[in-house]
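J.: Numbering (our numbering), first residue to last: 822 to 1185.
We treat Cβ as the ideally placed atom computed from N, Cα and C, and that holds for glycine.
As the structure is a prediction and not an experimental result, all values here were calculated from the model.
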Ligand SMILES: Nc1ncnc2c1ncn2[C@@H]1O[C@H](COP(=O)(O)OP(=O)(O)OP(=O)(O)O)[C@@H](O)[C@H]1O
Ligand SMILES: [Mg+2]
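Okay, structure coming up:
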């Protein structure tokens, strides 16, 4: 799978940009503010349905305009697909597949598996649990057809139950229980989501520890999944046990929406033990492991975006990282300020180099 064409219109600083990437390696360079991250951002919107830089999509509409759009054509096993999005200040988001509009972003997201590595990616380890749940869900979502269906039903039940919790006082546990029609479904779906996640964490552990050994043969890494409720207790029992507390708070406090992942290096919490550069390397390994598993389990390669490769990664690591992603048949887009930051790239034949300047993407 690879993107064969990208077109941006009124997206950030680009009024119009159009280029044809290489199926393997694409090196995008240019000065600060040239628009390198914006190109990756547009690909991210096509792959995830949202930006990685802002939660307000209006921010990426060019200041002189009312509407931003992005388009790509990609090839998968000989078949061409066209994906498009537009963001209008008045009408919000629109997505299209082969020219047909779709309301369901999920249909778009399923088509183009995209991974992204940026200087902010260390937040995967240092930041809030939501990022870690998104990390594991990315892999499960792209492999397991049923997962998204269960996840959205779970979210729906959770919202309904939370709304019901808010209607009662914390002293009314008994009355609430009589009306808690969501309990069984929430517990079943929650257990199912958890067992998906747990089995993929276990697969990831194998890949991650093998990759990590290539960089630090002396260190062991383990991912530990915390389910989001008490150990060795069925979710249904935990939900029942916490009714009084949940009524007090007005929300459900146990379940996979509260899950988290711990990263343990040689028995210690990675966030407190590793240096900034080592953390960033670990994140690159976490993402690589997902790309490898996705390929092994589904034969689907992915699009790998690497923004500002030089930040905190030494040259040997940069080279090894890019080489490993390319081995997985992924299409890579990597940005840097200067060509000299990736000297080894000159040895690659399968690549295109793009210079971003004056709001244009120029192939060299
Ligand atoms: N909505 C917008 N309309 C017009 N220009 C914008 C908009 N949002 C951001 N910009 C500008 O777009 C330019 C490109 O930003 P971008 O972050 O893509 O640059 P970059 O090449 O990644 O730079 P750096 O090397 O510093 O990371 C910047 O000058 C930024 O101020
Ligand atoms: Mg940038």
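For my contact list, residue 921 and residue 991 are in at a C-beta cut-off of 8 angstroms; report their separation, rounded to the angstrom.
T.: Actually they are not in contact, since the Cβ atoms of residue 921 and residue 991 sit about 50 angstroms apart, beyond 8 angstroms.
J.: Distance check for residue 1000 and residue 1123, CA to CA, integer angstroms please.
T.: Approximately 46 angstroms between the Cα atoms of the pair.
J.: Does any heavy atom of ligand 2 sit closer than 7 angstroms to the C-beta of residue 1129?
T.: Because some heavy atom of ligand 2 lies under 7 angstroms away, the Cβ of residue 1129 counts as near it: yes.
J.: Anyone know if the C-beta pair for residue 832 and residue 869 falls short of 8 angstroms?
T.: Contact: no.
J.: Residue 1049: buried (16+ other C-beta within 10 angstroms of its C-beta) or exposed?
T.: Residue 1049 should be labelled buried.
J.: Do residue 1044 and residue 997 count as a contact pair if the criterion is CB distance below 8 angstroms?
T.: No, the Cβ-Cβ distance between residue 997 and residue 1044 is not below 8 angstroms.
J.: Given the structure, does residue 1188 come close to ligand 2, in the sense that its CB is under 7 angstroms from one of the ligand's heavy atoms?
T.: Since the first residue of the chain shown is 822 and the last is 1185, residue 1188 is not available in this structure.
J.: Is the beta carbon of residue 1178 within less than 7 angstroms of some heavy atom of ligand 2?
T.: Outside the cutoff, so no.
J.: For the alpha helix (DSSP H) that contains residue 865, what are its first and last residues?
T.: That run of the alpha helix (DSSP H) goes 857–869.
J.: Is the beta carbon of residue 988 within less than 7 angstroms of some heavy atom of ligand 1?
T.: Flag unset: Cβ of residue 988 not near ligand 1.
J.: So which of 1086, 1054 and 1053 has the shortest CA-CA distance to residue 946?
T.: Minimum Cα distance to residue 946 is reached at 1086.
J.: How is residue 1078 classed by DSSP in three states: helix, strand or coil?
T.: Residue 1078: helix per DSSP, three-state reduction.
J.: Spatial neighbours of residue 1180 within its chain, please: CB distance less than 7 angstroms, with the 5 preceding and 5 following residues excluded, ordered by chain position.
T.: Excluding residues within five positions, the ones whose Cβ falls inside 7 angstroms are 834, 835, 836 and 856.
J.: Reducing DSSP to helix, strand and coil, say where residue 1004 ends up.
T.: Note: residue 1004 maps to helix in three-state DSSP.
J.: Could you tell me whether the Cβ atoms of residue 873 and residue 933 are closer together than 8 angstroms?
T.: Result no, Cβ atoms of residue 873 and residue 933 do not sit closer than 8 angstroms.
J.: Under 8 angstroms between the Cβ atoms of residue 904 and residue 960?
T.: No, these two residues do not count as a Cβ contact at 8 angstroms.
J.: Below 8 angstroms between beta carbons: does that hold for residue 1021 and residue 957?
T.: Yes, the Cβ-Cβ distance between residue 1021 and residue 957 is below 8 angstroms.
J.: Using the beta-carbon count (16 or more within 10 Å), is residue 910 buried or exposed?
T.: With fewer than 16 Cβ atoms within 10 Å of its Cβ, residue 910 is classed as exposed.
J.: Which residue's Cα is closest to the Cα of residue 1073: 1033, 901, 865 and 976?
T.: That would be 976, whose Cα lies nearest to the Cα of residue 1073.
J.: Taking residue 1032 as the reference, give the member of 1017, 1003 and 1107 with the closest Cα.
T.: For residue 1032, the nearest C-alpha among the options comes from 1107.
J.: From the DSSP output, read off the bridge partner residues of residue 1156.
T.: The partner list for residue 1156 (beta bridge, DSSP) reads 849.
J.: Roughly how many whole angstroms lie between the Cα atoms of residue 1185 and residue 967?
T.: So the alpha carbons of these two residues sit roughly 44 angstroms apart.
J.: With 16 as the cutoff for other CB atoms within 10 Å, does residue 847 come out buried or exposed?
T.: Classification of residue 847: buried, given that the 10 Å Cβ count is 16 or more.
J.: Check residue 1027 in the structure and name its three-state DSSP category.
T.: In the structure shown, residue 1027 sits in a helix (DSSP, three-state: H, G or I).
J.: Determine which residues share a DSSP beta bridge with residue 823 and list them.
T.: Looking at the DSSP assignment, residue 823 forms a beta bridge with 896.
J.: Is residue 1016 near ligand 2 - that is, is its Cβ less than 7 angstroms away from at least one heavy atom of it?
T.: No, the beta carbon of residue 1016 sits no closer than 7 angstroms to any heavy atom of ligand 2.
J.: Determine the burial state of residue 1011: buried for a count of at least 16 other Cβ atoms within 10 Å of its Cβ, exposed for fewer.
T.: When all chains shown are included, residue 1011 counts as buried.
J.: Please name the residue in 939, 876 and 1099 whose C-alpha comes closest to that of residue 1128.
T.: Nearest of 939, 876 and 1099 to residue 1128, Cα basis: 939.
J.: Name, in chain order, the residues that DSSP records as bridge partners for residue 1174.
T.: Answer by DSSP bridge pairing, in chain order: 848.
J.: Would you say residue 884 touches ligand 1, meaning its beta carbon is less than 7 angstroms from a heavy atom?
T.: Answer for residue 884: yes, Cβ within range of ligand 1.
J.: Check whether the Cβ of residue 881 sits closer than 7 angstroms to any heavy atom of ligand 1, and report yes or no.
T.: True, at least one ligand heavy atom lies under 7 angstroms from that Cβ.
J.: Rounded to the nearest angstrom, what separates residue 865 and residue 858 at their Cα positions?
T.: Between residue 865 and residue 858, the C-alpha separation is close to 10 angstroms.
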